[in-house]
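Undergrad: Sharing a structure with you now.
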Amino acid sequence: MFQWETRKQYIAEMINKVNPDVIGFQEVRADAKDHKSQLTELQELIPKYTHLIYHPVATVSSPLGADEPPGWEKEGLGLLSKHPITLSHIVNLTVGKTNPDKNKRILLYAQIDIDGEELDVTVVHFSYNKHQQCENAVDLINNLAFRGTQRSVILGDFNAYADFSWPVDGILKGSFDKDGPCQNTQGSIQGFGFVDAWVMANGDRTGYTFSNMPEPGFVSRPDRILLSSVGFEVISAELHGDGKVYQQKYSFQNKWQRLKTTFRMARESALGSRFKYPCYQDCGPHGSCRCGICVKGGDQNNCELPSCSECDAEHYQSFIFISLLYASTGVFLLYSFVKMMIMKCVHRTRRTHHRILFLCPNRLLILALIALLISLYYITIQSLGDTLEAVNGRLTEEMFPSDHLMIAARLQFLS
């Protein structure tokens with residue numbers, strides 16, 4: 001959720017560049033009171049994806065247990081498609097009684113009509129717990145075997161570990177080895193075989209997709225696109241979204257959104273805050289939530305509204321005052337530009353008998369502009385210095401669009 005308003009621009013740009021027909025999403029945030037979600041906002045930026053399904057799975061709780069800003073309360077799985085979605089449903093995955101992961105998890109199934117060809121797509125987000133992954137895989141295999149599909153794609157975050165490949169291996173094979181580490185698989189029936197699109201296209205290349213962050217770096221390949229062993233030819237499989245373009249192109253926009261967020265929180269403090277915890281996300285071990293943004297310097301400096309010093313009621317008044325000063329400066333700059341252009345035109349035409357009334361000669365105007373800009377800078381630093389320090393104190397992680405890379409596979413239907 002780091003600065004979604006900026007990140008969604010990059011994600012939309014990346015999707016437009018790759019131009020997939022179908023896209024699966026995990027951990028999609030949505031409002032509890034209406035149909036607004038991160039996918040509907042992406043649709044506005046990439047309108048060619050006219051078909052959407054989304055299913056919330058969990059309610060997101062505040063990291064500190066305090067009230068948080070309204071909106072983005074739900075999290076779930078979703079899918080965008082250029083082509084009609086003719087059928088969709090969900091399957092609840094088993095939550096083991098003895099496993100530590102009690103998060104509700106689902107399979108999101110969609111049947112898509114691609115130019116008259118039927119494609120079955122299942123979006124997954126498996127448990128982080130290794131043994132729970134075994135149960136997730138059993139549920140998936142059984143569901144696919146029950147549906148009887150032979151042109152099927154499974155995509156998503158399998159939370160696969162390099163040292164525990166058996167859940168994904170079982171899906172690829174369609175069954176589990178009796179002597180393998182996935183012990184509670186007696187309910188598993190023989191399913192269809194699958195292949196890994198990345199392996200089919202790239203062989204032994206690692207294809208790590210996690211973590212797209214400075215720490216811990218790329219250590220695993222949880223994100224997969226699995227294809228039924230018949231019905232497809234894999235043309236290519238690629239990874240996208242390493243963050244270099246985002247860092248170069250969206251740095252200023254990211255800081256602008258951070259500044260806008262602190263202003264909204266200052267207004268909230270001044271008008272009577274409806275919530276205490278001002279962030280939509282946990283800032284992690286390296287940052288603290290202050291005024292709705294994550295600020296570097298460790299995780300012990302969190303603040304609650306209206307007690308955040310960088311966005312209290314006094315700062316809101318400073319925001320308003322300085323905004324008026326900047327607006328006045330803009331008018332003055334426009335006046336100066338128009339005056340100089342008109343005087344330049346009059347001078348060129350040599351119409352000395354025309355008199356044009358302006359305040360201030362050009363030299364004095366330039367000096368006044370310089371003095372005004374210096375004063376404006378000084379007033380801004382004096383009034384909002386701590387706010388600007390927080391805005392500039394972003395975490396290194398914030399300049400990566402996601403902690404997972406996006407995997408894209410180009411496929412061809414076989415008759």
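Numbers 1 to 415, taken from full-length UniProt numbering, label the letters of the sequence shown in order. Cβ coordinates follow ideal geometry from the N, Cα and C atoms, glycine included.
#1: Less than 6 Å between C-beta atoms, sequence neighbours within five positions excluded: which residues of the same chain meet that for residue 135?
#2: Mind checking whether residue 452 and residue 409 have CB atoms under 8 Å apart?
#3: Between the segment 398–412 and the segment 239–247, can you find at least three pairs of beta-carbon atoms closer than 8 Å?
#4: Would DSSP call residue 67 helix, strand or coil?
#5: In chain order, what are the residue ranges of uninterrupted alpha helix (DSSP H) at least 4 long that sit wholly in the segment 185–271?
#6: Counting pairs of beta carbons, one from the segment 32–49 and one from the segment 2–18, are three or more of them closer than 8 Å?
#7: Taking 8 Å as the cut-off, decide whether the C-beta atoms of residue 101 and residue 127 are in contact.
#8: Would you list, in sequence order, the uninterrupted beta strand (DSSP E) runs of no fewer than 3 residues that lie entirely inside the segment 83–142?
#9: What is the C-beta distance between residue 222 and residue 157, in whole angstroms, given that I count them as a contact (C-beta under 8 Å)?
#10: Three or more C-beta pairs under 8 Å: does that hold for the segment 250–268 against the segment 363–383?
#11: Ordered along the chain, which non-local residues of its own chain (more than five positions away) have a Cβ less than 6 Å from that of residue 31?
#12: Could you tell me whether the Cβ atoms of residue 298 and residue 286 are closer together than 8 Å?
#13: Taking buried to mean at least 16 other C-beta atoms within 10 Å of its own C-beta, is residue 420 buried or exposed?
#14: With 16 other CB atoms within 10 Å as the buried threshold, where does residue 159 fall?
#15: Should residue 44 be labelled buried (16 or more other beta-carbon atoms within 10 Å of its own) or exposed?
#16: Could you check where the alpha helix (DSSP H) with residue 18 kicks off and where it finishes?
#17: Going by DSSP, what residues sit across from residue 157 in a beta bridge?
#18: Looking only at its own chain, which residues have a Cβ that is under 7 Å from the Cβ of residue 306, when we skip the five neighbours before and after it?
#19: Among 323, 215, 166, 91, which residue has its Cα nearest to the Cα of residue 263?
#20: Can you pull the DSSP bridge partners for residue 51?
#21: Taking 8 Å as the threshold (C-beta atoms), are residue 220 and residue 137 in contact?
#22: Have a look at residue 29 and residue 118 and give me their C-alpha separation to the nearest angstrom.
#23: Is it true that the CB of residue 79 sits closer than 8 Å to the CB of residue 108?
#24: Using alpha carbons as the reference points, say which of 254, 209, 148 lies closest to residue 237.
#25: Residue 289 bridges to which residues according to DSSP?
#26: With DSSP as the reference, label residue 394 as helix, strand or coil.
#27: Closest to residue 214 by CA distance: which of 396, 407, 309 is it?
#28: With distances taken Cα to Cα, identify the nearest neighbour of residue 165 among 181, 174, 82, 57.
#29: Figure out for me which residue from 51, 204, 339 has the closest Cα to the Cα of residue 113.
#30: Could you give the C-beta distance for residue 6 and residue 254, rounded to a whole number, given that I count them as a contact under 8 Å?
#31: Just to confirm my understanding: we take residue 308, look at its own chain, exclude 5 residues before and 5 after, and list those with CB closer than 8 Å. What are they?
#32: Taking 8 Å as the limit between beta carbons, can you name the residues of its chain near residue 333, skipping five residues before and five after?
#33: Can you tell me where the alpha helix (DSSP H) holding residue 414 begins and where it ends?
#34: Taking Cβ positions, are residue 77 and residue 106 nearer each other than 8 Å?
#35: Skipping 5 residues on each side, what residues in its chain have a beta carbon closer than 7 Å to that of residue 54?
TA: Put simply:
#1: 94, 96
#2: With the chain covering 1 to 415 only, the question about residue 452 has no answer from this structure.
#3: Yes, they touch.
#4: coil
#5: 197–202, 244–249, 251–271
#6: yes
#7: In contact: residue 101 and residue 127 (Cβ atoms closer than 8 Å).
#8: 85–92, 106–114, 117–125
#9: 5 Å
#10: no
#11: 71
#12: yes
#13: What is shown of the chain runs 1 to 415, which leaves residue 420 out entirely.
#14: buried
#15: Classification for residue 44: exposed.
#16: 4–18
#17: Paired residues: 125, 223.
#18: 269, 273, 312, 313
#19: 323
#20: For residue 51, which the question treats as bridged, DSSP gives the partners 81.
#21: no
#22: 29 Å
#23: It is a contact, given that the beta carbons lie within the stated cut-off.
#24: 209
#25: 294
#26: coil
#27: 396
#28: 181
#29: Per the Cα distances, 51.
#30: About 5 Å separates the CB atoms of residue 6 and residue 254; that is less than 8 Å, so the two are in contact.
#31: For residue 308, where only same-chain residues beyond five positions count, the Cβ hits under 8 Å are 265, 269, 278, 290, 291.
#32: 369
#33: Taken as a continuous stretch (DSSP letters only), residue 414 belongs to no alpha helix (DSSP H), as it is neither H nor E.
#34: yes
#35: 28, 30, 37, 39, 76, 78
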